[in-house]
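Reviewing the structure listed below.
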Amino acid sequence: MNWLRKDFPLVLTFLFGLVVMVSKFLNLAYFKLPDLTKTLDKWSQITFAFAILVGVINLSALHINYIRKRRAGYWYSVIAMATLVLYGTLGMAQGPKGAGALFIYSNVLIPIGSAIYALLGFYIVSAAYRSFHLRSLEATVLIVASVLLMLGQAPIGQVLWYDFPKLSNWIMTVPNSAGIRGIQLGAAIGAFAVSIRILLGLERSWFGSGGGQ
Amino acid sequence: MDSWNKMQRIDPRLIYLLILLAMVIPMFKPMGLPVAVSPETKTVFEAIDSLPSNAVIFISHDTGPGNAPELDPMIAALARQAFKKNIKLVVMSLWEMGAQFADDQIKPIAAAMGKTYGVDYVNLGYKIGGSMTIRTMVNDLSKGAAGVDMDNKPLDSFPLMQRVKSLKDVDLLFVTTVGSPGYSDWMTYAAEPLKKKLTGGASLTMYSGLQQYIRSGQLTGYLGGMRGAAEYERLVGAPGKGLAGMDSQSLGHILVILLIILGNIGYFRSLRATGPAGGK
């Protein structure tokens, strides 16, 4: 059983990784070999759908445990479970466009989602006032660039000086692009290295066996 | 403690109130500030304008409720421009709420412009699977969409889907993006392999991260945040929520800049009073 839990996933990962890599770098039709990646894509899509079910089971088990043990703030777990059962039942009984599900979606889900994101704006403004200080050269560059970008993005900047949008556009396209390209190149090389380590079984933290070698 | 020091310890609720007022007042009393159109927005408009009648645009509205106010106006303006030119739309989302948001934008415009569901546009709904779904749709759109639209009606029953069998049959990809899955998945797995033009719109926080793809031509222009939506609305000639939000954005940005200036004056005054260590 230990082999099934520890080594079998590694063998599967290596085999499927190899299939995808071979199909990408070799002309399979030339060698009269079937392209299995299309089948694997469909399998992945089905697996994603099942992952939601696993998520629901996991979330339910966690919150039911909190409620049974009456942990601090267990009322939030009661609300979470009641919402899950109510919305899930309505959605499955009436479909996602049923009157009940659509009512909760339009009048609860969307306003809560928007409000949480909008709160960020208030916190950012407050944080900018308290901590956006010219403490160093780097901080000064950051603040000056952000102020120019804010003026370039809002129409009021154009009213103050016609060329603010052009200046803002230059910051976005030249220094910003250069920086992002460097970061993305580094990230891509890192992702490639980690992928090779996963395929070779050197990196095992992804299936919970604790760390790599 | 002088007044500047007191300002440094201002109640955050006052700042929240100021930002709320800066956002709300222009909604009731618009200033009508001019909005210049950026080259990126012009490129998006021209890419759609250059499509022939009966062409198909594939939209993936990959957003959640937080960014919908920035991105929904783009979908509305796109629907107006496309329907005016008799261009067909196939819509979906890789984010669970995006397809409904797109539907809310497109349906009233389609009804007002006399367009028919199934003939002029189809909404495939939310499709799970991210990049794997895109890869499946490259070869077989119906399989990637599980064979049904957002109302569980079979795709085969729609005249439009008779000629759009895969992503190979669409003329342009229009993807809104706020994270992952988003533009990078569509670029890597659909636009690049199929040599299709990819355009769309991004939240302003994402916009700086995709500039290099606009420069390299992998993205055919792109709309940046609510400003991009406002510019696009202006080009389409249909002022909507994007243009309406510009005055709020202007006042909000000015308030942030003023607060940064005030915060720095207070910071330097407190430094002078206490020495460099006091400012830490």
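Protein chains in written order, with this note's numbering: chain L, 46 to 258; chain B, 4 to 283.
Heads up, the beta-carbon is just placed ideally off N, CA and C, and yes, glycines get one too.
query: I need the DSSP call for Phe93 (chain L), collapsed to helix, strand or coil.; result: helix
query: In chain order, what residues of the region 70 to 82 of chain L put their CB closer than 9 angstroms to some CB of chain B?; result: Thr82
query: Would you say Leu144 (chain B) reaches chain L, if we count a Cβ-Cβ gap shorter than 7 angstroms as a contact?; result: no
query: Please return the same chain residues whose Cβ sits closer than 8 angstroms to the Cβ of Asp52 (chain B), not counting the five positions on each side in sequence.; result: Gln84 and Lys88
query: What does Pro200 (chain L) touch in chain B if you count any residue whose Cβ is under 7 angstroms from its own?; result: Leu36, Pro37, Val38, Met249 and Ser253
query: Can you tell me whether Arg50 (chain L) is buried or exposed? The criterion is at least 16 other CB atoms within 10 Å of its CB, across all chains shown.; result: exposed
query: By alpha-carbon positions, which one of B:Phe161, B:Gln11 and B:Val178 ends up nearest to Ile137 (chain B)?; result: B:Val178
query: Could you tell me the distance, in whole angstroms, from the CA atom of Leu55 (chain L) to the CA atom of Leu81 (chain L)?; result: 19 angstroms
query: Can you tell me whether DSSP reads Ala74 (chain L) as helix, strand or coil?; result: coil
query: Can you tell me whether Gln139 (chain L) is buried or exposed? The criterion is at least 16 other CB atoms within 10 Å of its CB, across all chains shown.; result: exposed
query: If you count every other CB in all the chains shown that lies within 10 Å of the CB of Gly281 (chain B), and 16 or more means buried, which is it?; result: In this prediction, Gly281 (chain B) scores a pLDDT of 47, lower than 50, which makes its location untrustworthy; the coordinate-derived value is nonetheless stated afterwards. Looking at its Cβ environment, which holds fewer than 16 other Cβ atoms inside 10 Å, Gly281 (chain B) is exposed.
query: Let me know if Ile91 (chain L) comes out buried or exposed under the rule of 16 or more other beta-carbons within 10 Å of its beta-carbon.; result: exposed
query: Count the other CB atoms within 10 Å of the CB of Lys283 (chain B); is the residue buried (16 or more) or exposed (fewer)?; result: Unreliable positioning characterises Lys283 (chain B) in this predicted model, as indicated by a pLDDT of 43, which lies under 50. A coordinate reading is not provided.
query: Candidates B:Leu170, B:Asp154, B:Glu234 and B:Ala148: which alpha carbon is nearest Tyr120 (chain B)'s?; result: B:Asp154
query: Rounded to whole angstroms, what's the CA-CA distance from Gly128 (chain B) to Ser169 (chain B)? Just pull it up for me.; result: 16 angstroms
query: Could you run through the region 170 to 181 of chain L and flag, in chain order, every residue whose CB is less than 7 angstroms away from some CB of chain B?; result: Val170, Ser171, Ala173, Tyr174, Arg175, Phe177, His178 and Leu179
query: What would DSSP say about Leu107 (chain L), mapped onto helix, strand or coil?; result: helix
query: Please list, in chain order, the chain L residues whose beta carbon lies closer than 8 angstroms to that of Ile257 (chain B).; result: Ala199 and Ile201
query: Give the straight-line distance between the Cα atoms of Pro196 (chain B) and Gly224 (chain B), rounded to the nearest whole angstrom.; result: 19 angstroms
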